[in-house]
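Residue numbers (the UniProt record's numbering): 1 to 465.
Since the structure comes first, as structure tokens, the remarks are kept for the end.
Listed below in structure tokens is the structure:
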């Protein structure tokens with residue numbers, strides 16, 4: 001379902017890069033001038049909180065009430081200063097918020113329309129099962145590759161060893177862990193109402209409904225053709241809306257980069273530079289392995305694919321959102337030559353089952369936190385953790401900070417202090433950029449591979465002049 005009126009070759013990617021550079025420069029200026037007082041206060045409060053926490057560990061019973069009250073007072077003060085700082089840069093943070101809301105407005109109806117059409121055009125449940133089986137085979141293989149690569153690299157680099165942190169209180173945590181029991185996972189998968197699923201952007205629930213609806217549409221034969229025509233037309237309209245929304249992407253990127261650098265400063269890049277460089281090295285290696293796997297199946301065209309999806313990858317990177325790139329990724333895959341019915345089936349599933357960048361990060365981060373506290377995990381335990389992450393990471397598309405929530409639950413399962421997540425909160429937005437871009441790469445290659453397996457990979461559309 002490619003765009004019915006392809007625009008002339010635009011310069012959106014160039015504008016996004018320019019917006020990133022300008023945003024970083026302005027954010028650095030704001031950090032040093034406009035909100036310098038608030039940042040200095042937050043740094044001072046942070047040091048006092050750290051000292052108070054250390055004192056609590058060594059305190060006797062008489063000093064504990066006083067230190068606890070002092071900790072609560074400092075925590076409240078930090079919250080107030082943070083709110084004051086955030087209010088100052090609110091105009092910039094509103095830009096990406098508005099853009100992402102517009103994208104989320106599009107994603108649910110686009111997934112519904114395209115997947116219904118894709119499944120219905122497959123013809124029968126046998127075709128759905130065959131293509132679904134091939135799709136899941138790739139997803140599971142890519143997931144295991146991502147998790148194993150994260151496990152291997154974190155054991156080679158050992159980025160957490162130098163931290164040498166004392167174990168915190170057992171009840172101290174920064175992320176609530178919930179929603180990943182088997183019961184909650186199933187509730188998260190199967191909708192009680194498609195309207196509720198659409199309203200909450202529950203992508204996996206929409207996928208389940210669309211698969212049932214698409215199979216039923218194909219089963220009724222001639223009467224179903226009018227339904228397919230309707231949803232196909234609706235999908236084209238939504239893609240046109242997407243083109244309008246995408247024009248605001250540079251503004252969103254500018255606002256996001258300005259807000260992040262204004263709050264964190266360029267210092268955040270130095271503080272965790274080793275961890276970040278090792279993680280991004282891992283992502284680059286994962287990209288290489290995924291591209292090589294694609295090369296084995298679709299040949300040198302995989303390089304053309306990577307070139308074609310550079311714009312959605314850049315968009316996902318700069319907004320820290322795979323969802324933001326979904327409509328554009330779908331459009332570029334169809335221009336690459338993947339048939340609409342395959343793209344409409346595989347890509348939405350990938351957003352729930354094939355988040356390669358996120359999965360590599362989860363093993364990397366979980367073991368980094370264990371290393372930071374000096375907790376040795378035998379290889380068998382690490383492999384068990386990998387399997388837990390393999391299961392709990394499915395169906396989390398659209399969950400805010402989903403990777404951190406999954407990590408929190410996994411840490412608790414293996415008796416690793418959840419408070420260690422605080423080590424990553426400051427740089428998580430910067431790490432999320434790489435995760436999101438990798439998710440787009442992984443799902444794009446997966447769609448092209450399944451298209452090849454189904455003999456549904458046609459000649460690439462030439463770039464518009």
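Don't be surprised by glycine CBs; every beta carbon is placed ideally from N, CA and C.
Could you give the distance in angstroms between the alpha-carbon of residue i and the alpha-carbon of residue j?
i	j	result
residue 202	residue 21	34 angstroms
residue 383	residue 142	16 angstroms
residue 80	residue 35	14 angstroms
residue 399	residue 62	Note that residue 399 scores 49 on pLDDT, short of 50, meaning its location in the model is unreliable; the coordinates nonetheless yield the value given after this. So the two alpha carbons sit approximately 43 angstroms from each other.
residue 468	residue 31	The structure shown does not extend to residue 468, since the chain is modelled only from 1 to 465, so the question has no answer here.
residue 90	residue 454	49 angstroms
residue 77	residue 56	19 angstroms
residue 18	residue 412	42 angstroms
residue 74	residue 45	6 angstroms
residue 386	residue 244	41 angstroms
residue 23	residue 110	30 angstroms
residue 434	residue 263	20 angstroms
residue 68	residue 355	41 angstroms
residue 339	residue 446	13 angstroms
residue 287	residue 151	16 angstroms
residue 291	residue 299	10 angstroms
residue 204	residue 330	17 angstroms
residue 4	residue 219	At residue 4 the pLDDT is 41, less than 50, meaning the model places this residue with poor confidence; the figure from the coordinates comes in the next sentence. Whole-angstrom Cα-Cα distance: 28 angstroms.
residue 222	residue 212	18 angstroms
residue 365	residue 371	10 angstroms
residue 388	residue 133	22 angstroms
residue 257	residue 226	46 angstroms
residue 27	residue 228	48 angstroms
residue 65	residue 373	26 angstroms
residue 41	residue 273	24 angstroms
residue 11	residue 251	14 angstroms
Tell me, to the nearest whole angstrom, how far the beta carbon of residue i is from that of residue j; I am working on the premise that it is less than 8 angstroms.
i	j	result
residue 315	residue 307	Going by Cβ atoms, the distance from residue 315 to residue 307 rounds to 15 angstroms, so no, they are not a contact pair.
residue 231	residue 342	With a Cβ gap of about 16 angstroms, residue 231 and residue 342 do not count as contacting.
residue 149	residue 285	7 angstroms
residue 357	residue 410	Rounded, the Cβ-Cβ distance is 17 angstroms, inconsistent with contact.
residue 160	residue 369	7 angstroms
residue 71	residue 53	7 angstroms
residue 344	residue 118	3 angstroms
residue 424	residue 276	About 10 angstroms; that fails the 8 angstroms criterion.
Determine, using beta carbons only, whether residue i and residue j come nearer to each other than 7 angstroms.
i	j	result
residue 294	residue 443	no
residue 238	residue 106	yes
residue 16	residue 241	no
residue 259	residue 93	yes
residue 112	residue 216	no
residue 362	residue 407	yes
residue 265	residue 96	no
residue 336	residue 305	yes
residue 103	residue 324	yes
residue 440	residue 313	yes
residue 235	residue 135	no
residue 320	residue 436	yes
residue 198	residue 108	yes
residue 278	residue 157	yes
Does the beta-carbon of residue i have 16 or more other beta-carbons within 10 angstroms, so that it is buried, or is it exposed?
i	result
residue 129	exposed
residue 154	buried
residue 380	exposed
residue 303	exposed
residue 126	exposed
residue 121	buried
residue 376	exposed
residue 459	exposed
residue 183	exposed
residue 186	exposed
residue 301	buried
residue 281	exposed
residue 311	buried
residue 485	Residue 485 lies beyond the residue range present for the chain, which begins at 1 and ends at 465; the question has no answer from this structure.
residue 38	buried
residue 170	Note that residue 170 scores a pLDDT of 47, beneath 50, so its modelled location is shaky and nothing firm can be said.
residue 318	buried
residue 50	exposed
residue 206	buried
residue 417	buried
residue 85	buried
Under three-state DSSP, which class holds residue i?
i	result
residue 377	coil
residue 266	coil
residue 144	helix
residue 112	helix
residue 355	coil
residue 177	Caution is warranted here: a pLDDT of 47 is assigned to residue 177, below 50, making its placement in the model unreliable, and no coordinate value can be reported.
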